[in-house]
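> In mature numbering (1 follows the signal peptide of the UniProt record, and there is no 0), the protein residues as written are -29 to -1, 1 to 198. All residues carry an ideal CB built from backbone N, CA and C; glycine is no exception. The structure under discussion is supplied below as structure tokens; questions concerning it will follow.
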């Protein structure tokens, strides 16, 4: 059976891993990733399209400068994409977050196993926890980078606006505000870092205790050691 200290430390790490898993599910399931205002000129007037979307669904409304506001039906993001760059990038973000979900689940399993037992295999111990937590954090960070690249670099919002409103002509400007579904990923990274720190302190304390137990033998006289 593991010591009380080990159980407490790994149980705390397990809690952060579970929170990370839940937050990834929230990020995937909610649609407030970005709010975009995209302006176009058409027939001597200006049309501003307001978009709120995530990885799967989007809502859209457009306002003509004469004061007419029209709200469109919600739609699937993938249905409005024709540019290979935007389509492949948003698919990559989804795939990466699914991988982060799996690594977070594995990390939760490893920390739970260590909280209730002492695994014989090295990889099932802290090494495994380090590995899966690190991979989860890297995947989420990659998703945080790729999504803004898709929005601002590849013109994802502009493409969705054109798919939402058919009579748009010249693109004038775009402004983007990232929502809570996007910033949740920063919390996920912090939770993974917290889990790594907890396991590091446990390992450091165990190493220190082991060294202290070895020190009396190292400092003992030679005749005592021979005896």
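#1: Return helix, strand or coil for residue 89, following the three-state DSSP convention.
#2: At which residue ranges does the region 85 to 151 contain complete alpha helix (DSSP H) runs of 4 or more residues, listed in the order of the chain?
#3: Round the Cβ separation of residue 210 and residue 9 to the nearest angstrom and send it over; I've been treating them as touching at under 8 Å.
#4: With a threshold of 8 Å, are at least 3 pairs of Cβ atoms found where one atom belongs to the region 21 to 34 and the other to the region 87 to 105?
#5: For the beta strand (DSSP E) that residue 34 lies in, which residues bound it at each end?
#6: Hey, quick one: how far does the alpha helix (DSSP H) through residue -4 stretch, first residue to last?
#7: Considering only their Cβ atoms, is the gap separating residue 46 from residue 29 smaller than 7 Å?
#8: Could you spell out where the beta strand (DSSP E) holding residue 6 opens and where it closes?
#9: Ends of the beta strand (DSSP E) at residue 22?
#10: In whole angstroms, what separates the C-alpha of residue 132 from that of residue -25?
#11: Please check the pair residue 82 and residue 100, which I expect to be a contact at CB under 8 Å, by giving their CB distance rounded to whole angstroms.
#12: I want to know whether the region 135 to 154 touches the region -19 to -10 - three or more CB-CB distances under 8 Å.
#13: Would you tell me roughly how many angstroms separate the C-alpha atoms of residue 102 and residue 2, rounded to the nearest one?
#14: Are the Cβ atoms of residue -12 and residue 159 separated by less than 7 Å?
#15: Taking its Cβ as the centre, do 16 or more other Cβ atoms sit within 10 Å of residue 198, making it buried, or is it exposed?
#16: Decide if residue 124 is buried, meaning its Cβ has at least 16 other Cβ atoms within 10 Å, or exposed.
#17: Using 7 Å as the threshold, is the C-beta distance between residue 201 and residue 60 below it?
#18: Is it buried or exposed for residue 66, if we count other Cβ within 10 angstroms and need 16 for buried?
Straight from the coordinates:
#1: One-based indexing of the chain shown puts residue 89 at position 118. Coil.
#2: 97 to 119, 127 to 135
#3: The chain is shown from -29 up to 198; residue 210 falls before or after that span and cannot be answered.
#4: no
#5: The residue labelled residue 34 in the question sits at position 63 within the chain shown. That run of the beta strand (DSSP E) goes 28 to 35.
#6: Counting from one through the chain shown, the residue named residue -4 turns up at place 26. That run of the alpha helix (DSSP H) goes -26 to -1.
#7: The residue you call residue 29 lines up with position 58 of the chain shown. The residue you call residue 46 lines up with position 75 of the chain shown. Going by C-beta atoms, residue 29 is nearer than 7 Å to residue 46.
#8: Translated into positions along the chain shown, residue 6 becomes position 35. Residue 6 -> beta strand (DSSP E) spans 5 to 13.
#9: By 1-based counting over the chain shown, the position of residue 22 is 51. Taken as a continuous stretch (DSSP letters only), the beta strand (DSSP E) holding residue 22 covers 16 to 24.
#10: Within the chain shown, the letter at position 161 stands for residue 132. Within the chain shown, the letter at position 5 stands for residue -25. Rounded to the nearest angstrom, the two C-alpha atoms are 55 Å apart.
#11: Here residue 82 refers to the residue found at position 111 of the chain shown. Here residue 100 refers to the residue found at position 129 of the chain shown. Contact holds; Cβ gap of about 6 Å.
#12: no
#13: Taking the first residue of the chain shown as 1, we reach residue 102 at position 131. Taking the first residue of the chain shown as 1, we reach residue 2 at position 31. Each residue's Cα considered, the two are about 30 Å apart.
#14: Numbered from 1 along the chain shown, position 18 holds the residue referred to as residue -12. Numbered from 1 along the chain shown, position 188 holds the residue referred to as residue 159. For residue -12 and residue 159, no; Cβs fall outside 7 Å.
#15: For the purposes of this step, residue 198 is identified with residue 227 of the chain shown, where counting begins at 1. Interpretation of residue 198 is limited by its pLDDT of 43, a score under 50 that renders its predicted location unreliable; no figure is taken from the coordinates.
#16: Numbered from 1 along the chain shown, position 153 holds the residue referred to as residue 124. Burial call: exposed.
#17: In the structure displayed, the chain extends from -29 to 198; residue 201 sits before or after that span and is not available.
#18: If you number the chain shown from 1, residue 66 lands on position 95. Exposed, by the Cβ-count rule.
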